[in-house]
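Chemist: In the numbering used here, the protein residues as written are 958 to 1337.
Even glycine gets a Cβ: it sits at the ideal position worked out from N, Cα and C.
Being a predicted model, the structure only gives us computed values, none of them experimental.
Quick one: structure below, then a few questions.
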Ligand SMILES: Nc1ncnc2c1ncn2[C@@H]1O[C@H](COP(=O)(O)OP(=O)(O)O)[C@@H](O)[C@H]1O
Ligand SMILES: [Mg+2]
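The following block contains the structure:
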């Protein structure tokens, strides 16, 4: 089907400019950051660019290693960093088949690393790599401090690129802001990363993040190690004509007749958020109900509930109630409309901005970014 809900796509509609500019920046070694709300299509743009780039690449999402409220599985993260990098080099050298079996994801990255090590020893003589793998495995097993290994792991892409005479390696860390949670393992994690990354001549770094305020803090404040390191690109919703064209093409492919005004009604409801356009598309095709019925059912839709509740859990209960109040006011509000305790409201708004729910407009007005969040909380 044309419409697809859930996983990112490596073939995103209407993002040619974003994909091509990311591709050009990657090839040139420019560190890039993609910023934008959840489900806007950042990962899809990254995957599409990686598919086109004629260089080895490794993709890692920091979100995968978050455990509960504030936990972060650092041993798994470090193992993933090394495993994925090793895999990318192998694949690039034409040994994809051999390594594929060791990359069975279901068993976790530490185990994966254990399987890889034997293979690497046989095929290449790279003590920098195998030695490091052994120490990581040993220390992970014993739950020991891995901060020293982290520094060495960070240099690995550059070391391997030189070793294999690779012009450049692309390294992507998606949902980058979650690395904050790894501070327990490495207190100055961003500082350590910056001190290494800035000297790498053969690695292009790409980061991306949905918690827009958090990411902005990391990039825009002078006191932060990654201040002015990345070229930042904001990923915005589809323009109206792109959203409509996306829907029109999908409905035509399914032989579903949907009138022009109905396309407008859909875009009025979900704006140009690709994830929601896909969801509406699927529901139209599968349920064969009218546009208005499908839209009305969205706040009760299992997919919407799961997706939004999963994110909302990260907020404090007061921030959540402020968000709800904003939604009841139509998705836009001034602090004074949101409660008597202005200090508490301000703090809640700050949290909502850090997590990417809310943006500050001009004239002191705050706006909920994702219209589905507005519809959802309005109905609760
Ligand atoms: N340009 C696009 N065309 C079609 N589907 C898209 C597009 N961008 C995103 N999607 C879909 O929307 C959902 C969210 O996209 P994703 O790339 O995961 O967003 P983000 O990384 O910003 O959270 C995915 O299911 C993805 O397939
Ligand atoms: Mg993503």
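What do you get for residue 1028, buried or exposed, if any count of 16 or more other CB atoms within 10 angstroms of its CB means buried?
Modeler: As a position in the chain shown, residue 1028 is number 71, starting the count at 1. That one is exposed.
Chemist: Could you check whether the Cβ of residue 1131 sits closer than 7 Å to any heavy atom belonging to ligand 2?
Modeler: For the purposes of this step, residue 1131 is taken as the residue at position 174 of the chain shown. Correct: residue 1131 has its Cβ closer than 7 Å to ligand 2.
Chemist: Kindly identify the DSSP beta-bridge partner or partners of residue 1316.
Modeler: Here the question's residue 1316 lines up with position 359 in the chain shown. Paired residue(s): 1324.
Chemist: Taking the alpha carbon of residue 1104 as the point to measure from, which residue in 1150, 1234 and 1131 has its own alpha carbon closest?
Modeler: The residue you call residue 1104 lines up with position 147 of the chain shown. The shortest Cα separation from residue 1104 among 1150, 1234 and 1131 belongs to 1150.
Chemist: Per DSSP, which one or two residues make a beta bridge with residue 1190?
Modeler: Residue numbering aside, residue 1190 sits at position 233 when the chain shown is read from its first letter. Note: residue 1190 sits in a beta bridge opposite 991.
Chemist: Closer than 8 Å by C-beta to residue 987: which residues in its own chain qualify, once you throw out the five before and the five after it? Chain order, please.
Modeler: Here residue 987 refers to the residue found at position 30 when the chain shown is read from its first residue. If we look at residue 987 and ignore the five residues flanking it on each side, its Cβ neighbours are 1161 and 1188.
Chemist: Comparing C-alpha positions only, which one of 1190, 1018 and 1108 sits nearest to residue 1148?
Modeler: Against the chain shown, residue 1148 aligns to sequence position 191. Of the listed residues, the one whose Cα sits closest to residue 1148 is 1108.
Chemist: Beta-carbon within less than 6 Å of residue 1008's beta-carbon, same chain only, minus the 5 sequence neighbours each way: which residues are those?
Modeler: By one-based count along the chain shown, residue 1008 stands at place 51. Closer than 6 Å at the Cβ level, and outside the excluded window around residue 1008, lie 967.
Chemist: Pick helix, strand or coil for residue 1223, following the three-state DSSP scheme.
Modeler: Counting from 1 along the chain shown, the entry for residue 1223 is found at position 266. If DSSP states are grouped into helix, strand and coil, residue 1223 belongs with the helices.
Chemist: Taking residue 933 as the reference, which of 1067, 1055 and 1095 has the closest Cα?
Modeler: The structure shown does not extend to residue 933, since the chain is modelled only from 958 to 1337, so the question has no answer here.
Chemist: Closer than 8 Å by C-beta to residue 1258: which residues in its own chain qualify, once you throw out the five before and the five after it? Chain order, please.
Modeler: For the purposes of this step, residue 1258 is taken as residue 301 along the chain shown, with counting starting at 1. Same-chain partners within the cutoff: 1236 and 1240.
Chemist: Look at the alpha carbon of residue 1060 and the alpha carbon of residue 1168, and state the distance between them as a whole number of angstroms.
Modeler: Here residue 1060 refers to the residue found at position 103 when the chain shown is read from its first residue. Here residue 1168 refers to the residue found at position 211 when the chain shown is read from its first residue. Residue 1060 and residue 1168: Cα-Cα distance of roughly 30 Å.
Chemist: Going by the C-beta, is residue 1303 closer than 7 Å to any heavy atom of ligand 2?
Modeler: As a first step, residue 1303 must be located in the chain shown, where it is residue number 346. The answer is no for residue 1303.
Chemist: Could you pull out every unbroken beta strand (DSSP E) segment of at least 3 residues lying fully inside the region 990-1071, listed in chain order?
Modeler: Runs found: 1014-1018.
Chemist: Is residue 999 close to ligand 2? I mean its beta-carbon at under 7 Å from any heavy atom of the ligand.
Modeler: Here residue 999 refers to the residue found at position 42 when the chain shown is read from its first residue. Yes.
Chemist: Is the beta carbon of residue 1019 closer than 8 Å to that of residue 1132?
Modeler: To locate residue 1132, count along the chain shown from 1; it is residue 175. To locate residue 1019, count along the chain shown from 1; it is residue 62. Closer than 8 Å, so yes.
Chemist: Of the residues 1251, 1197 and 1158, which one's Cα is nearest the Cα of residue 985?
Modeler: To locate residue 985, count along the chain shown from 1; it is residue 28. Ranking 1251, 1197 and 1158 by Cα distance to residue 985 puts 1158 first.
Chemist: Looking at residue 1315: is its Cβ nearer than 8 Å to the Cβ of residue 1304?
Modeler: Taking the first residue of the chain shown as position 1, residue 1315 is located at position 358. Taking the first residue of the chain shown as position 1, residue 1304 is located at position 347. Not a contact, by the Cβ cut-off of 8 Å.
Chemist: Distance, Cα to Cα, residue 1041 vs residue 1199?
Modeler: Here residue 1041 refers to the residue found at position 84 of the chain shown. Here residue 1199 refers to the residue found at position 242 of the chain shown. If you take the alpha carbons of residue 1041 and residue 1199, they lie about 35 Å apart.
Chemist: Using the Cβ count rule (16 or more neighbours within 10 Å means buried), how would you classify residue 1090?
Modeler: Position 133 of the chain shown, counting from 1, holds the residue named residue 1090. Label assigned to residue 1090: buried.
Chemist: Go ahead and pull the three-state DSSP assignment for residue 1298.
Modeler: Locating residue 1298 in the chain shown gives position 341, counting from the first residue. Residue 1298: coil per DSSP, three-state reduction.
Chemist: Beta-carbon within less than 6 Å of residue 1128's beta-carbon, same chain only, minus the 5 sequence neighbours each way: which residues are those?
Modeler: Indexing the chain shown from 1 puts residue 1128 at position 171. Here the set comprises 1015, 1114, 1160 and 1162.
Chemist: How should residue 958 be labelled, buried or exposed, when 16 other C-beta atoms within 10 angstroms of its C-beta is the threshold for buried?
Modeler: As a working note, residue 958 is residue 1 in the chain shown. By the 10 Å Cβ count, residue 958 comes out exposed.
Chemist: What span of residues does the alpha helix (DSSP H) with residue 1097 cover, start to end?
Modeler: Within the chain shown, the letter at position 140 stands for residue 1097. Looking at the DSSP string, the run of the alpha helix (DSSP H) that includes residue 1097 is 1084-1098.
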